[in-house]
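Asks: Before we start, here is the structure in question, set down as structure tokens.
Number of protein chains: 2
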Amino acid sequence: MCVSTLFAQSVTLTEGEVEEIIAVDNQGNLFGASLAQAEKELAPYLESGLDVPTPKDLAGGYTHTQHKVNYFTMQRAGLLFQITGKEAYAELIKTTLEKYLKQYPTWGRHPSEKSYARGKIFWQCLNDANWLVYTSQAYGSIYNWLSEKERKQFNEKLFVPMANFLSIETPHFFNRLHNHSTWANAGVGMIGLVMQNEGLIQKALYGLPLNTKTATDNDGGSIQKEGQTKAGFLAQIDHSFSPDGYYTEGPYYQRYAMYPFLIFALSLEHQKKDLKIFEYRDGVLLKAIDALLQQTDDDGEFFPLNDAQKGMSYYSRELQLSLALGYYYGNQDEGLLSLIQKQSRVPLTYSGWKSAIDLAKGIGKKFEKRSIYLSDGPKGEKGGIGVLRSKEHELIMKFTQHGMGHGHFDRLSYSLNYDGHEILQDYGAARYVNIHQKDGGGYLRENKTWAKQTIAHNTVVIDGQSQFDGKVKVADRIAPDEFVFSAENQKVQVVSAKENNAYEGVELFRTLALITDESFENPFVIDLYNVKLSEEAEIELPYHYHGQFMSSSIDLTRNQTLSPLGEEDGYQHLWKVADGEADQDYEQINWFDKTRFYTLNVASNKGDQLVMARLGANDPNFNLRNDPCFILKRKGQKGNNLMASVLETHGSYSTVTEASRNSYGNINSVTISFHTDEYSAISFTNKQDEEWTFIISTVDKSSQTTHEITIEDRQYKWGGPFALFRNDLKQ
Amino acid sequence: MCVSTLFAQSVTLTEGEVEEIIAVDNQGNLFGASLAQAEKELAPYLESGLDVPTPKDLAGGYTHTQHKVNYFTMQRAGLLFQITGKEAYAELIKTTLEKYLKQYPTWGRHPSEKSYARGKIFWQCLNDANWLVYTSQAYGSIYNWLSEKERKQFNEKLFVPMANFLSIETPHFFNRLHNHSTWANAGVGMIGLVMQNEGLIQKALYGLPLNTKTATDNDGGSIQKEGQTKAGFLAQIDHSFSPDGYYTEGPYYQRYAMYPFLIFALSLEHQKKDLKIFEYRDGVLLKAIDALLQQTDDDGEFFPLNDAQKGMSYYSRELQLSLALGYYYGNQDEGLLSLIQKQSRVPLTYSGWKSAIDLAKGIGKKFEKRSIYLSDGPKGEKGGIGVLRSKEHELIMKFTQHGMGHGHFDRLSYSLNYDGHEILQDYGAARYVNIHQKDGGGYLRENKTWAKQTIAHNTVVIDGQSQFDGKVKVADRIAPDEFVFSAENQKVQVVSAKENNAYEGVELFRTLALITDESFENPFVIDLYNVKLSEEAEIELPYHYHGQFMSSSIDLTRNQTLSPLGEEDGYQHLWKVADGEADQDYEQINWFDKTRFYTLNVASNKGDQLVMARLGANDPNFNLRNDPCFILKRKGQKGNNLMASVLETHGSYSTVTEASRNSYGNINSVTISFHTDEYSAISFTNKQDEEWTFIISTVDKSSQTTHEITIEDRQYKWGGPFALFRNDLKQ
Ligand SMILES: [Ca+2]
Ligand SMILES: [Ca+2]
Ligand SMILES: [Ca+2]
Ligand SMILES: [Mg+2]
Ligand SMILES: [Mg+2]
Ligand SMILES: [Mg+2]
Ligand SMILES: [Mg+2]
């Protein structure tokens, strides 16, 4: 066989790419190191071969784990064969595939009936699809190395049946718009590309004909979307990402979901270049990589939005392909190279090699994070998240659509980071992934009863109930509305959104501003949270802070015995530790964490309540972290109720020098200075007697409009939806 | 004046030392950098001069702070004058001293009556003594630069009166054996050395004649020790340090207390070399430096014994002199150089310069921590602490004498560190040093009601009462007894001690072994804690763990409302979260922290209770950290009650890979296999069916004795107090 066609059917590495790679001495660069590492990891299997047991077990069991080992190993063996030319790798794939060839036709659906879409090799089709995505790469790597007879056998008796099984024999799985089904689309498409089977490729890209069956999945979710008119891989891209690349389930799940999108895209780029897949929808796959990385804190940890395990970061192995493809097929952002360097490993793809070569040249700089608005929804019409960044501060406001089964009832909530750690946290998921003691590592009961509930988030709760009464299907139907996102002026960055459906008769409108001003040592947060009520209701605004409570201008009475704060909607998990009542129209709450002090300066109503609480009640299995929070409570009146505050980061403390600096904040008054149906304004002063007023139009977000209002004989005039005035200076 | 005598009266830097230092170009070494830093810091004062206000304020107030600034500034100005030759520094000292000269004679005792020993410049003599220790250095630096007339004035009208004031006019302060008084001895001695006033020097070294007055200090402590026969600096050294260099108040206070000892010692070394002060008591001052550094964790943080703020470390500025003197006057331990490097600054002494020179030569290696026994008491006869180290593990058992006012009722407690963080903690002090919100930064009420109590430590509590019923004077009278400390065999390290006075009719005897064995992935801890009772009593053994409780073989019932565990002795601060009862003779408690899992394997009695608790009850001002603990409870019978357990560190978890390894321990049974008045033995097996037996003689600690006992038909024969047998192998 002619060498120039040996790898013609490889989907991961083309002939020409391999030639370029091996023309260079890669010892000493990251590609060479990654190659050596892979060779070392595969060496034992070259000796032992790979076992192909009859499917029987669930996740964690032997047969499950072994089939997983098989596809990971074969995929890497294929790349090693292509790059090193050692036929032992090809032999390993071939002999393993022969075992599958012999047995697969005899296997029915997996004995476990747990899944709505049972696989053959695994208990669910998802894992069978994973197998095919990886194994099609291995098969492509040795396709032309096999004899025509061998290929014919594998094609007809193993791969076409498997592709048919995952598609036409399981249409409710294949046609679903869901990240699990993306794996099936990708697997069927990739094996189609290897075998040059245009029928399979078309099914993969465009799905099967849609029918109207209304099947449901394991969790009772409906299989076919209301109004769904398309299926297949392209429809998955359309559906999964917003035009900004935001993935509707949030960054923790996106990290995992990116692989089938990107590896099939790479395969299409290699074998169907005219599709221009990386330019599809204005390059949304590459935008998604950037969006994912922008949703990380200073340590690279993903914002723990929705169901997310905290601590997952861009150091995850799963990011390797995203980083390399993002660098090579994107605009060669040198910031990505620094992240690749941190990974210390590149994928054995051309993009991985190119990254390694450029890194070896010394190219690379710090990955730049920026303030960013990421819309949600296929057309960007379903809310989004706003990330405001200034110096060490990072504010994340969430007003996305619900995000399906992994979504939380967290609309208009925000979290705040300082130097890579949380000041105000989102709890994340109540789960210890893969830790057996904790319900086998799956989602814990408390994920639903606590982590998803509104009170677990830094947003308003009405009458002690979660948004949408905790009903996913209702929440899924309608999203909040972005009002303003503005980060051009680094000193006054604003994100603002409305939510009118979470509670009947309640209109929620929150504006958060991250202000950087030389009169303050750190950026600070203005929060204007208006709650418009059609009748009286209780308004509660929790603050899930970290650290040690220091002091409050509200006198607190501590409880001698502790009881839960409530009975449902998450309140049953909070111990009521202490409470007190505001007796002034300005109150402060002050705490310390790590090296900094924090003060929440509140424009209070006399009679507002401050409740100190701690998580951990009704938690029989010790599944929850016992984190603290405080809750501001107000008896809401019919009409507008504006919760207004300024949150300062200030001072410092070191246990080594024992020096304490500015342990109290610099603000000494906060007032709601203007509040109508059209405008909200907050004024605040500092200890140097300087005064500021922040105003936002709550109805007109046009940047063209000029506004003019008078507050206490002073004229305020500005253009665009909002402005910050320093009152002692001319604006 | 002849240059060779210009610095003849300097106590900090001699003539010859300065010559050596300035003969070298120090730019580029740490001395040069420290010099430049000091020059920069003093530059503003060369412009402005130093204010000498009439004393009025307490700590934190203007006059207090300014006089403190004055002595720190003058001291450094003196050294800068000696090293750089710039007379502006000498002028600054002289003009400042002239201000004092004019005013000091007019000042009576400070207006505040808070102190039992009121100062003149400050509210307490301690601060006046600080002033003198620093200022005598400054005065020595310019002594021969001044005219004879100037010297005479300063000597007669300022310094002799001040030395007399601190000694003969305040004998109950000067003669006291206490770290505060050490400052007075040092100050009087150092100014005596400068002025060549032998009378003052003798008073400083040997104290004033003792009288029998029984004055008390601010806290009601008696001024003169029972049986005290000596006073002065040498008596302070005798009294403060054990022969091993352990400082009786613990490392946190030692860090602060070392300065007057070392700076007066350095002065004596310069001006009274024949005293051979660094060889005094077998070189105890240098031993103390090593002992202090050995009492730090992997991050350099001091073990938080007694009243100690956590996080204080060898990065503290106060360690600079200790490190440099320890290096130069000790055995030039290169490990100290690496700590000096971490400080990034050296004192402007000859030892600081020598350290910088050697560092610049590239000398230096990791500071070696080792297992170490530090006896307490002037003769080493009053208990001590045992530190066992193996790989990442560090076990600290405490059985020192009480340690006066800052001591805790913590006898036979232990704490355990892994890789620089606490697995089992000592709470430290309930205090936020210098943070105004927290009672002005002083000791909090909860320091006494919680932090000092026995239940706040990992040691047995009898009938819910603290040791010595929480009475300091009684506790101060008698110390625990060391039984065994053995660390020669790295694989089986043992520390063991007895305490028979803390509770009436109760003999406590605890043996802790840190075992390193290839069958276990990490070192583990065997704990044999025998409680011999003269009548039935309740035994409680708390474990102050960090992290997330995972699971227990004891079924736990969580409380629906929380009440405090008790009413006094610290129990009033613990919420009772859950409890359960042992129904087997082997139980496990499993938790997770950071990256590792921990399992306590307990030889239980049926009916033993496990109580899960959390700190925070009866804490009206939120002064306590809300840390968790669990408590093993047993109804103790008359006679011996052996609490036996094995604590494992195992497995790993990463939130990035989400891989969980060995989340359960490797041990699967623990039994008390032999227990008489003469021997205690524990046997345990692991999941590979290997078995071990650890035996200790509880009466004979001689290493010469050969023991022989039979347990279940198996003969055990060994030499010395203890042995670990692997039962399936011949020992
Ligand atoms: Ca972080
Ligand atoms: Ca108040
Ligand atoms: Ca530490
Ligand atoms: Mg959440
Ligand atoms: Mg940072
Ligand atoms: Mg303590
Ligand atoms: Mg370490």
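In the order they appear, the protein sequences are chains Z and U. Residue 566 in the numbering used here is what sits at position 560 of the first sequence, and the numbering runs on without skipping anything. Residue 146 in the numbering used here is what sits at position 140 of the second sequence, and the numbering runs on without skipping anything. Backbone N, C-alpha and C define an ideal beta-carbon position, used for all residues, glycine too.
Determine the closest residue to leucine 132 of chain Z out of Z/Asn495, Z/Gln33, Z/Lys74 and Z/Glu47, with distance taken between C-alpha atoms.
Replies: Ranking the options by Cα distance to leucine 132 of chain Z, first place goes to Z/Lys74.
Asks: Output, in sequence order along the chain, the residues in the region 653-665 of chain U whose CB is closer than 9 Å to any CB in chain Z.
Replies: Going along the region 653-665 of chain U in chain order, one finds Tyr659, Ser660, Thr661, Val662, Thr663, Glu664 and Ala665 with a Cβ nearer than 9 Å to chain Z.
Asks: Could you confirm whether any beta carbon from chain Z is found closer than 9 Å to the beta carbon of histidine 408 of chain U?
Replies: Answer no: the Cβ-Cβ gap between histidine 408 of chain U and chain Z never drops below 9 Å.
Asks: Would you check if the distance between the CB atom of asparagine 150 of chain U and the CB atom of glutamine 15 of chain U is smaller than 9 Å?
Replies: Yes, the Cβ-Cβ distance between asparagine 150 of chain U and glutamine 15 of chain U is below 9 Å.
Asks: Flag methionine 264 of chain U as yes if its beta-carbon sits less than 9 Å from any beta-carbon of chain Z, otherwise no.
Replies: No, methionine 264 of chain U does not count as interfacial toward chain Z.
Asks: Could you tell me which chain Z residues have their CB closer than 7 Å to the CB of leucine 555 of chain U, listed as they occur along the chain?
Replies: Note that residue 555 of chain U is phenylalanine in the sequence shown here, rather than leucine. Within chain Z, the residues near phenylalanine 555 of chain U are Phe628.
Asks: Let me know if asparagine 464 of chain U comes out buried or exposed under the rule of 16 or more other beta-carbons within 10 Å of its beta-carbon.
Replies: With 16 or more other Cβ atoms within 10 Å, it is buried.
Asks: Name, in chain order, the residues that DSSP records as bridge partners for isoleucine 5 of chain U.
Replies: One cannot answer for residue 5 of chain U here, as it falls past the ends of chain U, which runs 7 to 737.
Asks: Excluding the 5 residues preceding and the 5 following tyrosine 106 of chain Z in the sequence, name in chain order all residues of the same chain whose CB lies nearer than 7 Å to its CB.
Replies: Taken in chain order, the residues that qualify are Val58 and Leu164.
Asks: Rounding to the nearest angstrom, what Cα-Cα distance links proline 626 of chain Z and phenylalanine 636 of chain Z in this structure?
Replies: Their backbone Cα atoms lie some 23 Å apart in a straight line.
Asks: Check this for me: beta carbons of asparagine 312 of chain Z and histidine 414 of chain Z, under 9 Å apart or not?
Replies: In contact: asparagine 312 of chain Z and histidine 414 of chain Z (Cβ atoms closer than 9 Å).
Asks: Does DSSP put phenylalanine 530 of chain Z in a helix, in a strand, or in coil?
Replies: Three-state DSSP puts phenylalanine 530 of chain Z in a strand.
Asks: Mind pulling the chain Z residues with CB within less than 8 Å of aspartate 625 of chain U?
Replies: Chain Z residues near aspartate 625 of chain U: Arg564.
Asks: Residues of chain U with CB under 7 Å from tryptophan 581 of chain Z, in chain order?
Replies: Within 7 Å Cβ-Cβ: Leu568.
Asks: At a Cβ cut of 9 Å, what residues of the region 662-687 of chain Z count as close to chain U, listed as they run along the chain?
Replies: Residues Val662, Thr663, Glu664, Ala665, Ser666, Ser669 and Tyr670.
Asks: Consider the Cβ of asparagine 312 of chain U: report whether some Cβ of chain Z lies at a distance smaller than 9 Å.
Replies: Cβ-Cβ to chain Z under 9 Å: no for asparagine 312 of chain U.
Asks: Which value, in whole angstroms, describes the spacing of the CA atoms of phenylalanine 555 of chain U and glutamate 587 of chain U?
Replies: Looking at the two C-alpha atoms, the distance is approximately 17 Å.
Asks: Whose C-beta lies closer than 8 Å to the C-beta of asparagine 647 of chain U among residues of the same chain, with five residues either side of it excluded?
Replies: Once the five neighbours on either side are set aside, the close Cβ partners of asparagine 647 of chain U are Asn536, Val537, Lys538, Leu539, Ile545 and Arg640.
Asks: For histidine 442 of chain Z and asparagine 528 of chain U, what's the separation of their Cα atoms in angstroms?
Replies: Rounded to the nearest angstrom, the two C-alpha atoms are 21 Å apart.
Asks: What is the rounded straight-line gap between the Cα of histidine 245 of chain Z and the Cα of valine 531 of chain U?
Replies: Cα to Cα, the separation comes out at about 55 Å.
Asks: Could you check what DSSP says for valine 478 of chain Z in three-state terms: helix, strand or coil?
Replies: Of the three classes helix, strand and coil, the one that applies to valine 478 of chain Z here is helix, per DSSP.
Asks: Using 10 angstroms around the beta-carbon of tyrosine 356 of chain Z, count the other beta-carbons present and answer buried if the total reaches 16, otherwise exposed.
Replies: Burial call: buried.
Asks: List, in chain order, every chain Z residue whose beta-carbon is nearer than 9 Å to that of arginine 323 of chain U.
Replies: Correct list: Val662 and Thr663.
Asks: With 9 Å set as the bound, which would you pick, yes or no: does the beta-carbon of histidine 442 of chain U sit closer than that to a beta-carbon of chain Z?
Replies: So, interface residue.
Asks: Applying the 10 Å Cβ sphere with the 16-neighbour rule, what's the burial state of aspartate 695 of chain U?
Replies: Exposed, by the Cβ-count rule.
Asks: Compute the Euclidean distance between the alpha carbons of phenylalanine 373 of chain U and lysine 293 of chain U, then round it to the nearest angstrom.
Replies: Spanning the two alpha carbons is a distance of roughly 15 Å.
Asks: With distance defined between alpha-carbon atoms, name the residue in Z/Ser381, Z/Leu331 and Z/Gln301 nearest to glutamate 375 of chain Z.
Replies: Note on residue identity: the sequence assigns lysine, not glutamate, to residue 375 of chain Z. Of Z/Ser381, Z/Leu331 and Z/Gln301, the residue nearest in Cα terms is Z/Gln301.
Asks: Here's the rule: buried if 16 or more other CB atoms are within 10 angstroms of the residue's CB, otherwise exposed. What is leucine 325 of chain Z?
Replies: Classification of leucine 325 of chain Z: buried, given that the 10 Å Cβ count is 16 or more.
Asks: Taking Cβ-Cβ distances below 8 Å as the criterion, which residues of the region 79-90 of chain Z are in contact with chain U?
Replies: Taking 8 Å as the Cβ-Cβ cut-off against chain U, none of the residues of the region 79-90 of chain Z qualify.
Asks: In angstroms, rounded to a whole number, what distance separates the CA positions of methionine 264 of chain U and aspartate 614 of chain Z?
Replies: In a straight line, the C-alpha of methionine 264 of chain U is about 52 Å away from that of aspartate 614 of chain Z.
Asks: Would you mind stating whether leucine 172 of chain U and phenylalanine 160 of chain U have Cβ atoms separated by less than 9 Å?
Replies: Not in contact: leucine 172 of chain U and phenylalanine 160 of chain U (Cβ atoms no closer than 9 Å).
Asks: Going by beta-carbon coordinates alone, are leucine 216 of chain Z and arginine 261 of chain Z separated by less than 9 Å?
Replies: Cβ atoms of leucine 216 of chain Z and arginine 261 of chain Z: not closer than 9 Å.
Asks: Tell me the rounded alpha-carbon separation between valine 617 of chain U and tyrosine 433 of chain Z.
Replies: Each residue's alpha carbon lies about 27 Å from the other.
Asks: Let's see if you can read the secondary structure: which residues bound the beta strand (DSSP E) around arginine 732 of chain U?
Replies: It spans 728-732 - the beta strand (DSSP E) in which arginine 732 of chain U sits, taken as one unbroken run.
Asks: For asparagine 312 of chain U, is the beta carbon positioned less than 8 Å from some heavy atom of ligand 6?
Replies: Yes, Cβ of asparagine 312 of chain U sits closer than 8 Å to a heavy atom of ligand 6.
Asks: Could you list the residues in the region 417-450 of chain Z with a C-beta less than 9 Å from some C-beta on chain U, going in chain order?
Replies: Residues Tyr438, Val439, Asn440, Ile441, His442, Gln443, Lys444 and Gly447.
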